[in-house]
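The sequence shown runs -17 to 261 under my numbering.
Quick reminder that beta carbons are idealized off the backbone N, C-alpha and C, glycines included.
Have a look at the structure below, then the notes.
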Amino acid sequence: MNNLMVKKESILFDFLLNYYNKKKVKTLLKYKQVQVNKQIITQFDYLLKPGDVVTVTKNNQDLKFEIIYEDNQLIVINKPAGLLSMSGGFEKEKTAYHIVSDYLKSKNKKARVFIVHRLDRETSGVLMFAKNETIKNKLQNNWNKLVYKRGYLAIVEGHLQKKQGTIKNYLQESKTQHVYIAKQGKLAITNYQVLKETKNNSLVEVYLDTGRKNQIRVHMQSLGHSIVGDKKYGATTNPLKRMGLHAHVFAFRHPDTNQKMEFKAPIPDEFNQLFSSVK
């Protein structure tokens, strides 16, 4: 991991050319291996100011994750934004799955890890893995019975007319992996409540009754208030320099003990900073 201090105003791409060739700079930005003041930046024309610290990571290995909980069957982490949950087979970069696997193997070479659910790359927050296939199967096969709370924080563009409500419709995925509302799709239910507002944005608490791919992102867009930084689903602003979606709360019954367990990932600093002037 390289930390580079910015001494004069500069465009990020030009700044990095002082240290790497053009092809390497494009690769670093494409695979989200560049951070400015600890925030992942992918914009070639991002404006750097004196005093900024540019950090270049290696294949996402240096992206830190917090272990929220661990026992002999489960491990729960706070996934940072910009890190894939698991590779689809084509990506060569490090993923949360690889990093957790490396962590467990450092303690026990025979350790294994199994993905139970996923978060979008740009979504941060609570992500759970199983340590054996039996627990993974118990969780996935009884997901709706065991998981009873999934809460997110979303920062959206503008102000919602209704400050709380429920969105209920049907979602379908296209061949190009774009999710859209369609009568022939799968039922999707999202409950939301506005917590805070600034001049341009709203902080929205979201709870899921269903867990469809890109559900919150599509539902916020359907209200006319896309999640900031979510260009795929209509966002035109990016004040956080990342997508404004964070998996804040995850609660379930342990598949072996039936004990109720609830985990929370702290609100990201950049979320708090955007609403720092609001009480």
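The residue from Ile171, Gln25 and Lys214 with its alpha-carbon nearest to that of Leu(-6) is Gln25. With fewer than three CB-CB distances shorter than 8 angstroms, the stretch 207 to 215 does not count as touching the stretch 162 to 176. The stretch 184 to 239 is shown to contain whole alpha helix (DSSP H) runs of 4 or more residues at 197 to 204, in chain order.
Cα atoms of Glu48 and Lys20: separation of roughly 15 angstroms, rounded to the nearest angstrom. By the Cβ neighbour-count rule, Thr158 is exposed, with fewer than 16 other Cβ atoms within 10 Å of its own.
For Lys31, same chain residues with a beta-carbon under 8 angstroms away, outside a window of 5 residues either side, are Val(-12) and Glu(-9) in chain order.
Per the coordinates, the alpha-carbon of Lys178 lies some 35 angstroms from the alpha-carbon of Ala112.
Taking Val18 as the centre and dropping the five residues before and after it, the same chain places the C-beta of Asp34 and Val36 closer than 6 angstroms to its C-beta, in chain order.
Straight-line measurement puts the Cα of Tyr13 at about 21 angstroms from the Cα of Asn196. For Glu52, no alpha helix (DSSP H) encloses it; the enclosing beta strand (DSSP E) starts and ends at Glu48 to Glu52. Contact check for Asn60 and Ala247: beta-carbon distance about 4 angstroms, within the 8 angstroms limit, so the pair qualifies.
Take Leu169, set aside five residues on each side of it, and the residues of its chain with a beta-carbon closer than 7 angstroms to its own are Tyr152 and Thr192, in chain order. Nearest Cα to Ser259 within the set Val200, Lys242, Asn183 and Ile198: Asn183. With 16 or more other Cβ atoms inside 10 Å of its own Cβ, Ala136 counts as buried.
If you draw a straight line from the Cα of Leu185 to the Cα of Lys92, it is about 43 angstroms long. For the options Lys145, Glu187, Val188 and Ser204, the alpha carbon positioned closest to that of Ile163 is the one of Ser204.
Rounded to whole angstroms, the separation of the alpha carbons of Val188 and Gly147 is 10 angstroms. Less than 8 angstroms divides the Cβ of Gly107 from the Cβ of Ala229. Leu(-1) is the residue among Ser69, Gly64 and Leu(-1) whose C-alpha sits nearest the C-alpha of Asp27. Under the three-state reduction of DSSP output, Ile249 falls in the coil class, being neither helix nor strand. DSSP, reduced to helix, strand and coil, places Phe96 within a strand of the structure shown.
Boundaries for Gln55: no beta strand (DSSP E) harbours it, and the DSSP string shows neither H nor E there. Val231 places its beta carbon 8 angstroms or farther from that of Leu222.
Annotated three-state conformation of Ser88 is helix, per DSSP.
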